[in-house]
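Before any comments, here is the structure.
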Amino acid sequence: MVAVQARHTVNWLRCAVGDASVGIDLAQVVGVERGEQLAAAPTETEPGRLVVRGAGVPVFPLAWWFSGGPTVPRAGGQVILVATPRGRFGLLVDRVAPVARVSAGEVVPPPPGLGAAAARLLHGVVLSGHGPVGLLNVDALDPAHEPGPPPPARPAPRPEVRRSGGTGGVDRLLTFARTEVPGPNGRAVALGLPVGAVDEVCDVPVGSPVAAADEHVRELIAVRGRPLALADAARWVGLPGAAATRRVVVVRAGEHAIAVSAGSGVQVVPAALPSVPLRHRLSLRTDRLLGAFDTTDLTILVPRWTDLLDGE
Numbered sequence: 001m002v003a004v005q006a007r008h009t010v011n012w013l014r015c016a017v018g019d020a021s022v023g024i025d026l027a028q029v030v031g032v033e034r035g036e037q038l039a040a041a042p043t044e045t046e047p048g049r050l051v052v053r054g055a056g057v058p059v060f061p062l063a064w065w066f067s068g069g070p071t072v073p074r075a076g077g078q079v080i081l082v083a084t085p086r087g088r089f090g091l092l093v094d095r096v097a098p099v100a101r102v103s104a105g106e107v108v109p110p111p112p113g114l115g116a117a118a119a120r121l122l123h124g125v126v127l128s129g130h131g132p133v134g135l136l137n138v139d140a141l142d143p144a145h146e147p148g149p150p151p152p153a154r155p156a157p158r159p160e161v162r163r164s165g166g167t168g169g170v171d172r173l174l175t176f177a178r179t180e181v182p183g184p185n186g187r188a189v190a191l192g193l194p195v196g197a198v199d200e201v202c203d204v205p206v207g208s209p210v211a212a213a214d215e216h217v218r219e220l221i222a223v224r225g226r227p228l229a230l231a232d233a234a235r236w237v238g239l240p241g242a243a244a245t246r247r248v249v250v251v252r253a254g255e256h257a258i259a260v261s262a263g264s265g266v267q268v269v270p271a272a273l274p275s276v277p278l279r280h281r282l283s284l285r286t287d288r289l290l291g292a293f294d295t296t297d298l299t300i301l302v303p304r305w306t307d308l309l310d311g312e
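Here UniProt numbering is used: the first residue of the sequence shown is 1, the next is one more, and so on.
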């Protein structure tokens with residue numbers, strides 16, 4: 001296959017998997033068949049089978065790569081037959097849309113923060129009129145090793161959260177993703193970021209889920225013409241997920257940026273906060289926290305946002 005970056009224009013067959021929009025390089029598509037023609041439908045653990053010119057072709061629900069493990073696909077759908085160095089196989093999708101033609105310059109690299117597996121499965125991203133579309137790297141799908149259930153999560157440590165001694169000269173924090181979980185001394189818990197690391201707080205339209213993205217990544221979105229990963233930073237540090245709103249906080253580290261779900265409680269507070277003893281334990285990923293700060297009614301946790309950008 002000729003590399004995407006080496007061509008002037010690229011034709012992509014667009015398809016939908018649940019709420020996700022995906023593009024597949026037309027150069028690798030050898031046919032599209034109706035799902036009703038399957039000789040054997042996929043199950044939770046086994047691929048389906050389609051007979052093409054007398055030969056059986058394995059068919060894998062593309063949703064497997066989105067859900068983190070095999071699921072029973074929806075009835076019907078369409079099968080996209082693809083050719084890769086590993087051979088031919090089919091991808092079962094919900095529906096297929098018309099071919100889109102884009103210039104190679106319109107294909108931008110996957111944004112940081114999606115996770116290594118998601119970045120490997122994407123050639124790049126195109127911003128369409130309906131939002132960002134992830135362009136699938138079909139060669140990275142290995143039908144010899146179907147996607148299995150995700151590995152068990154590491155047990156979260158339960159040390160007592162200690163008040164940080166400082167914020168490295170930062171005098172203001174933007175708080176967001178406030179949750180009413182039982183926190184230290186009954187206070188609510190929110191996340192906080194130095195104001196200098198925040199590009200903007202804005203409302204965004206619904207984006208698209210991403211294949212094989214890290215568990216805390218909600219969507220691929222577009223903010224002012226650039227694709228960004230939308231992450232749930234609260235979930236990433238071990239808190240209940242932030243409220244599902246369309247308000248996001250865009251965080252920057254150097255040349256890279258990521259959006260995090262804002263939830264509720266977005267406000268700017270002084271970083272030099274009065275100390276309130278922490279006597280209760282929270283189940284947190286303390287390796288993902290820079291520190292904790294307290295007001296009389298709120299505990300503010302500061303995540304390591306540069307690690308969040310790295311997809312760790």
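Backbone N, C-alpha and C define an ideal beta-carbon position, used for all residues, glycine too.
Take residue 30, set aside five residues on each side of it, and the residues of its chain with a beta-carbon closer than 8 Å to its own are 81, 82, 83, 88, in chain order. In this structure, residue 187 lies away from residue 237, with their beta-carbon atoms at least 7 Å apart. By the 16-neighbour rule on beta-carbons within 10 angstroms, residue 51 is exposed.
In chain order, 78 place their CB closer than 7 Å to the CB of residue 34, counting only its own chain and leaving out the 5 sequence neighbours on each side. Counting C-beta atoms within 10 angstroms of its own C-beta, residue 206 has fewer than 16 neighbours from the protein chains shown and is therefore classed as exposed.
In chain order, 66, 134, 208, 209, 210, 211 place their CB closer than 8 Å to the CB of residue 20, counting only its own chain and leaving out the 5 sequence neighbours on each side. Rounded to the nearest whole angstrom, the C-alpha separation of residue 142 and residue 121 is 11 Å. Across the set 18, 233, 54, 243, the C-alpha of 233 shows the shortest separation from the C-alpha of residue 113. Taking every protein chain shown into account, the CB of residue 229 has 16 or more other CB atoms within 10 angstroms, so this residue is buried.
Within the model, the alpha-carbon separation for residue 243 versus residue 254 is close to 28 Å. Beta-bridge partners assigned by DSSP to residue 293: 300. Shortest Cα-Cα distance from residue 18 to any of 94, 171, 42, 195 involves 94. Here the segment 290-301 lies against the segment 187-202, with 3 or more beta-carbon pairs under 8 Å apart. Only residues of its own chain outside the window of five on either side were considered, and among them 193, 195, 198, 268 have a CB closer than 6 Å to the CB of residue 174, listed in chain order. Per DSSP, residue 230 lies in no alpha helix (DSSP H); the unbroken beta strand (DSSP E) holding it starts and ends at 226-231. If you compare the alpha carbons of 262, 16, 203, 180 with that of residue 62, the shortest gap goes to 16. In this structure, residue 24 lies away from residue 38, with their beta-carbon atoms at least 7 Å apart.
Taking all protein chains shown into account, residue 109 has fewer than 16 neighbouring C-beta atoms within 10 Å of its C-beta and is therefore exposed. Residue state for residue 25 is assigned as strand, using DSSP reduced to three classes. Of the candidates 179, 98, 257, the residue whose Cα lies closest to the Cα of residue 239 is 179.
In the structure shown, the three-state DSSP call for residue 210 is coil.
In this structure, residue 9 places its C-beta atom within 7 Å of the C-beta atom of residue 103.
Residue 217 is not a Cβ neighbour of residue 246, given a cutoff of 7 Å. Counting along the chain, the unbroken beta strand (DSSP E) around residue 190 starts and ends at 188-194. The DSSP-derived three-state label of residue 286 is helix.
Looking at the DSSP output, residue 87 sits in a beta bridge with 84. Leaving aside the five residues that flank residue 171 on each side, the residues in its chain whose CB is nearer than 6 Å to its CB run, in chain order, 271. Residue environment for residue 287: exposed (fewer than 16 other C-beta atoms within 10 angstroms of its C-beta).
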